[in-house]
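**Student:** Protein sequence lines, in the order shown, are assigned to chains A and B.
So the first sequence is numbered by my numbering: it starts at 1 and just counts up by one.
So the second sequence is numbered by my numbering: it starts at 115 and just counts up by one.
By construction, the Cβ of each residue, glycine as well, lies at the ideal position given by its N, Cα and C atoms.
Bear in mind that the values here come from a model prediction, so they are computed numbers and not experimental data.
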Amino acid sequence: MLICPSYKIFGVRLEGSAKMKVPGGKMVEVKVEFGEAVTKARILGDFFMYPDTALEGIESLLVGTQPQESEAAIAKRISTLVKLEGATMIGLTPEAIANVVKRAIENAMESNKA
Amino acid sequence: MRMQWRVIKLETRSAASNMAVDNAIMDGIKAGTSGPTMRFYRWMPSAVSIGRFQSMEEEVNVARCKELGVSYVRRITGGGAVYHDSEGEITYSVIAPEEEFPKNIIESYRLICGWVISGLASLGISAEFAPINDIIVKGKKISGNAQARKEGVLLQHGTVLYSTNLKRMFSLLKVSSEKISDKMIKNAEDRVTRVTDHADTTLDGLYDALLAGFVEGKDYEFGALDHDEAAKAEDLAGKVYAADSWNFSR
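1) What do you reckon, are the CB atoms on Ala260 (chain B) and Gly165 (chain B) nearer than 9 Å?
2) Identify, in the order they occur along the chain, each residue of the same chain with its Cβ nearer than 6 Å to the Cβ of Met27 (chain A), setting aside the five sequence neighbours on each side.
3) Can you pull the chain A neighbours of Ser169 (chain B), defined as C-beta to C-beta under 7 Å?
4) Quick one: measure Cβ to Cβ for Asp136 (chain B) and Ile256 (chain B), integer angstroms, because I've assumed they're closer than 8 Å.
5) Val176 (chain B) and His198 (chain B): beta carbons closer than 9 Å?
6) Report the three-state DSSP secondary structure of Val230 (chain B) (helix, strand or coil).
7) Is there a C-beta anywhere in chain B that falls below 9 Å from the one on Leu55 (chain A)?
8) Is it buried or exposed for Thr151 (chain B), if we count other Cβ within 10 angstroms and need 16 for buried?
9) Runs of 4 residues minimum, wholly inside the region 197-277 of chain B: which ones carry the alpha helix (DSSP H) assignment?
10) With three or more C-beta pairs closer than 8 Å as the rule, is the region 261-269 of chain B touching the region 305-322 of chain B?
11) Short check: CB of Ser285 (chain B) to CB of Gly202 (chain B), under 9 Å?
12) Indicate the three-state DSSP secondary structure (helix, strand or coil) for Met49 (chain A) in the structure shown.
13) List, in chain order, every chain A residue whose beta-carbon is nearer than 9 Å to that of Ala138 (chain B).
14) Determine the closest residue to Ser359 (chain B) out of B:Lys254, B:Arg188 and B:His341, with distance taken between C-alpha atoms.
15) Does DSSP put Asp322 (chain B) in a helix, a strand or coil?
16) Could you check what DSSP says for Asp340 (chain B) in three-state terms: helix, strand or coil?
17) Have a look at Glu85 (chain A) and Asp342 (chain B) and give me their C-alpha separation to the nearest angstrom.
18) Using the three-state DSSP reduction, which class does Gly57 (chain A) fall into: helix, strand or coil?
19) Gly192 (chain B) versus chain A: which residues are under 9 Å apart at the beta carbon?
20) Does the distance from the C-beta atom of Lys288 (chain B) to that of Glu172 (chain B) stay below 9 Å?
21) Return the chain-ordered list of same chain residues with a C-beta closer than 8 Å to the C-beta of Ser185 (chain B), the five sequence neighbours on each side being excluded.
22) Would you kindly report the start and end of the unbroken alpha helix (DSSP H) that includes Ser128 (chain B)?
23) Looking at the unbroken alpha helix (DSSP H) that takes in Met170 (chain B), where does it start and where does it end?
24) What residues are listed by DSSP as bridge partners for Ala161 (chain B)?
25) Please list, in chain order, all residues of the same chain as Met49 (chain A) whose beta carbon is under 8 Å from its beta carbon, the five residues on each side excluded.
26) Taking the beta strand (DSSP E) that Leu29 (chain A) falls in, what are its first and last residues?
27) Nearest chain A C-beta to Lys264 (chain B) closer than 9 Å, yes or no?
28) In angstroms with no decimal places, state the Cα-to-Cα distance between Pro216 (chain B) and Leu225 (chain B).
29) Could one say the Cβ of Glu29 (chain A) lies closer than 9 Å to chain B's Cβ atoms, at least one of them?
30) Any beta carbon from chain A within less than 9 Å of Asn175 (chain B)'s own beta carbon?
31) Would you call Gln118 (chain B) buried or exposed, if buried means 16 or more other Cβ atoms sit within 10 Å of its Cβ?
32) Which residues in the same chain have their Cβ closer than 8 Å to the Cβ of Thr191 (chain B), if we skip the five residues on either side of it in sequence?
33) Going by beta carbon distance, what residues of the same chain come within less than 6 Å of Ile294 (chain B), once the five residues before and after it are set aside?
34) Cβ atoms of His312 (chain B) and Ile219 (chain B): under 9 Å apart, would you say?
35) Going straight from the alpha carbon of Ala37 (chain A) to that of Ser17 (chain A), what length do you get?
36) When we look at the beta-carbon of Val196 (chain B) and count the other beta-carbons within 10 Å, is it buried (16 or more) or exposed?
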């Protein structure tokens, strides 16, 4: 029997989500669709972001995220984009999004093992 | 030169219409055809509004809304889900050029929430701003607020609970699984409070108090939507705010 990490199975589309209450901030939930990397990401919650279109930019940025990528690296990418777009987050941080993205990916992979 | 405000008196509209009016005024200010506006309104039928980035299906018991004839709509402001009881709540919108408010978002919430706090004070209610976006009385939330800033225009939505039916409110808003037990729902109810819990006043009395708090020290005149705003609002209400493509877009 060939044993390999479930997320490397070609053509398999997994789904996972995770959420957290940002300390001193708001609720954030991330839903991912996942093949060998993230193919779709959706960020939900009661946070504030100005301009609102910046959130779609972050969701697009997360497409292609590999499971090996560290939380810090994901946070850095988000932070760079936020600065580039001149966006402001209230009740949410790049680090919080990265943390939830990582857990959403892990949950997607776990769901495939189950 | 001091800013001249237009004040639209307390009126009642559907959920889609209320959101569309704000949007139309924002567009007018952006285009230079509308002036800074504050409006007070109620919702008929009662409605649930969700924040710009929330999921309708995750936040709202849509089946229960349909059963009770309660509308639902997505706001363009962030923040959380709110139940707008047609008889038990007043909502306001402040719409103006962003440059008229502190650039710091929390400070701009503090400023506008101060108008609400001033109004409540005239009813003998001692309220305080609780960052990020709440107003509390004795530690319990009485008002939630949410801002959008788009292309140089600020919109702040806020709601003041007057006599909202809390049991109905929590039957329409989905609470996460750990809060489903009766005990936890009771705790959720315990986190909010209403004007009628603290003052003997009518809904009109609350409106008068809020109005006074909002216009204090400002140049203003009462007004209504102009023809273009009304036409735009009607169009947006049908095409956007009543449409599943917007309300269920997340």
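**Tutor:** Judging by the given coordinates:
1) Contact: yes.
2) Non-local C-beta neighbours of Met27 (chain A) in its own chain, meaning closer than 6 Å and more than five positions away in sequence, comprise Lys21, Gly45 and Asp46, ordered along the chain.
3) Chain A residues near Ser169 (chain B): Leu44.
4) Rounded to the nearest angstrom, the Cβ distance from Asp136 (chain B) to Ile256 (chain B) is 22 Å, too far for a contact under 8 Å.
5) Taking C-beta atoms as the reference points, Val176 (chain B) and His198 (chain B) fail to come closer than 9 Å.
6) Residue state, collapsed to three classes: helix.
7) When Cβ-Cβ separations below 9 Å define contact, Leu55 (chain A) makes contact with chain B.
8) Label assigned to Thr151 (chain B): buried.
9) Qualifying alpha helix (DSSP H) stretches, in chain order: 219-235.
10) Touching, no.
11) In this structure, Ser285 (chain B) keeps its C-beta atom at 9 Å or more from the C-beta atom of Gly202 (chain B).
12) Reduced to three states, the DSSP call for Met49 (chain A) is strand.
13) The contacting residues do not exist; Ala138 (chain B) stays about 18 Å from chain A at best.
14) For Ser359 (chain B), the nearest C-alpha among the options comes from B:Arg188.
15) In the structure shown, Asp322 (chain B) falls within a helical segment according to DSSP collapsed to helix, strand and coil.
16) If DSSP states are grouped into helix, strand and coil, Asp340 (chain B) belongs with coil.
17) Glu85 (chain A) and Asp342 (chain B): Cα-Cα distance of roughly 32 Å.
18) In this structure, Gly57 (chain A) counts as helix in the three-state DSSP scheme.
19) Residues of chain A passing the Cβ test: Lys26, Gly45, Asp46, Phe47, Phe48, Met49, Tyr50, Asp52, Ile90 and Gly91.
20) Cβ distance < 9 Å, so Lys288 (chain B) and Glu172 (chain B) count as in contact.
21) Same-chain partners within the cutoff: Ser128, Ala129, Ala130, Trp157, Pro159, Ser160, Ala161, Val162 and Cys179.
22) Neither: Ser128 (chain B) is in no alpha helix (DSSP H) and is coded neither H nor E.
23) For Met170 (chain B), the enclosing alpha helix (DSSP H) begins and ends at Met170 to Glu173.
24) According to DSSP, Ala161 (chain B) bridges with B:Ser185 and B:His198.
25) The residues are Leu55, Ala87, Thr88, Met89, Ile90 and Leu92.
26) The sequence shown places Glu at residue 29 (chain A), not Leu. For Glu29 (chain A), the enclosing beta strand (DSSP E) begins and ends at Met27 to Phe34.
27) Yes, because at least one Cβ of chain A sits closer than 9 Å to the Cβ of Lys264 (chain B).
28) If I take the Cα positions, the gap works out to 8 Å.
29) At least one chain B Cβ lies under 9 Å of Glu29 (chain A).
30) No - not a single Cβ of chain A is within 9 Å of the one on Asn175 (chain B).
31) Exposed, because fewer than 16 other Cβ atoms sit within 10 Å of the Cβ of Gln118 (chain B).
32) Taken in chain order, the residues that qualify are Gly165, Arg166, Ala260, Gln261, Ala262, Leu269, Gln270 and His271.
33) With a pLDDT of 39 at Ile294 (chain B), under the threshold of 50, the predicted position of this residue should be treated as unreliable, though the coordinate-derived value follows. Answer for Ile294 (chain B): no residue qualifies.
34) Between Ile219 (chain B) and His312 (chain B), the C-beta gap is not smaller than 9 Å, which leaves the two residues out of contact.
35) Looking at the two C-alpha atoms, the distance is approximately 15 Å.
36) It counts as buried.
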